[in-house]
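Here the structure is laid out as structure tokens; the discussion comes afterwards.
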């Protein structure tokens with residue numbers, strides 16, 4: 030357990046200790062993160078191709094993903110709707126014209142395409158491709174180091190996090206309901222409890238959650254987690270405009286960790302500027318918890 034936590038926390042902490050004031054350097058880091066995510070997902074696809082009993086494993090991935098998406102999102106939605114009834118989110122905002130959700134969805138699907146390309150290449154059986162899993166481990170460490178730098182220089186302070194009560198409450202509800210969903214998943218799918226809980230802790234951060242669980246539980250669980258979290262983002266993009274009129278808490282909570290970046294423009298257009306601080310705090314807290322909870326449950 031300690032070694033798993035150190036592998037994740039050490040590069041994050043080291044990166045967080047590095048202050049950067051040069052905008053050009055931060056832009057470069059953002060670009061590197063994007064490319065590294067593609068690289069690791071490509072390596073994940075290669076690793077998947079080297080699985081024994083490949084056809085049976087692909088069916089398992091589809092089965093795990095389908096059950097996880099339905100169970101976890103239903104648990105999240107039920108808890109968030111209860112929160113909205115208990116603590117209504119008062120607002121005065123007229124919905125604006127949204128950007129193209131189809132274009133945003135296609136951007137997410139590109140990541141699936143990278144996994145597929147790696148998988149197809151892995152089917153060639155070339156000897157050097159067998160080192161893909163080891164290469165992804167070192168790449169992951171570098172990615173976490175850059176994520177640490179990005180978090181340090183995101184402009185978020187501890188005071189800002191503590192002061193946004195709504196964002197924190199929604200994050201807590203999402204974490205608690207996701208863990209309930211993870212426990213139900215483990216029961217339905219016949220998985221160990223820790224595995225089900227770890228799969229539920231991605232909170233939509235597919236580019237990291239799939240990688241972490243591939244290292245801990247293998248490509249089947251890692252791939253299922255990746256597609257589970259990717260589906261969460263796609264579903265959130267489709268549902269936000271309608272949900273934000275009825276339950277702002279549900280619209281924000283279903284976004285998970287992506288409320289800080291990818292789904293933020295849709296949230297802002299649908300719910301107004303007053304939704305942005307809560308969205309950033311909510312996404313920031315969940316982004317911090319993803320590697321910690323996954324390391325804990327996968328130890």
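In my numbering, the protein residues as written are 30 to 328.
Yeah, the Cβ is synthetic: ideal placement off N, Cα and C, and Gly gets one too.
Residue i versus residue j - alpha carbon distance
i, j, result
"residue 173", "residue 41", "5 Å"
"residue 281", "residue 119", "14 Å"
"residue 232", "residue 193", "20 Å"
"residue 249", "residue 322", "20 Å"
"residue 229", "residue 207", "6 Å"
"residue 58", "residue 200", "27 Å"
"residue 271", "residue 300", "10 Å"
"residue 48", "residue 56", "14 Å"
"residue 122", "residue 304", "Because the pLDDT of residue 122 is 48, which lies under 50, any placement of that residue in the model is unreliable, and the number read from its coordinates should be weighed accordingly. The alpha-carbon atoms of residue 122 and residue 304 are separated by roughly 10 Å."
"residue 244", "residue 259", "18 Å"
"residue 246", "residue 39", "21 Å"
"residue 345", "residue 309", "This structure does not reach residue 345, given that the chain is present from 30 up to 328, and the question cannot be answered."
"residue 113", "residue 170", "39 Å"
"residue 64", "residue 77", "20 Å"
"residue 182", "residue 50", "8 Å"
"residue 158", "residue 107", "44 Å"
"residue 195", "residue 290", "18 Å"
"residue 237", "residue 66", "8 Å"
"residue 326", "residue 153", "34 Å"
"residue 273", "residue 141", "28 Å"
CB contact flag (residue i, residue j, <8 Å)
i, j, result
"residue 45", "residue 177", "yes"
"residue 144", "residue 70", "yes"
"residue 284", "residue 265", "yes"
"residue 74", "residue 147", "yes"
"residue 5", "residue 90", "No information on residue 5 is available, as it lies outside the stretch 30 to 328 that the chain covers here."
"residue 251", "residue 286", "no"
"residue 98", "residue 217", "no"
"residue 202", "residue 109", "yes"
"residue 72", "residue 161", "yes"
"residue 261", "residue 138", "no"
"residue 234", "residue 319", "yes"
Residue i CB to nearest heavy atom of the ligand HEM below 7 Å
i, result
"residue 259", "Of ligands this structure carries none, so the ligand HEM is not represented either."
Practice task
Indicate whether the contact test is met: 3 or more Cβ pairs, each with one atom in the region 208-215 and one in the region 293-313, closer than 8 Å.
Solution key: no
Problem - Uninterrupted alpha helix (DSSP H) stretches inside the region 203-283 (no shorter than 4 residues) - result: The region 203-283 contains these whole alpha helix (DSSP H) runs: 222-228, 235-246, 248-275, 277-282.
Handout entry: Whole alpha helix (DSSP H) elements within the region 134-162, 4-residue minimum
Key = none
Exercise for the section: Can you check the region 41-90 for any alpha helix (DSSP H) of at least 4 residues that lies completely inside it and give the ranges in chain order? Expected result: 52-78
Practice task
Starting from the N-terminal side, write out each stretch of the beta strand (DSSP E) that is 3 residues or longer and does not extend beyond the region 297-328.
Solution key: none
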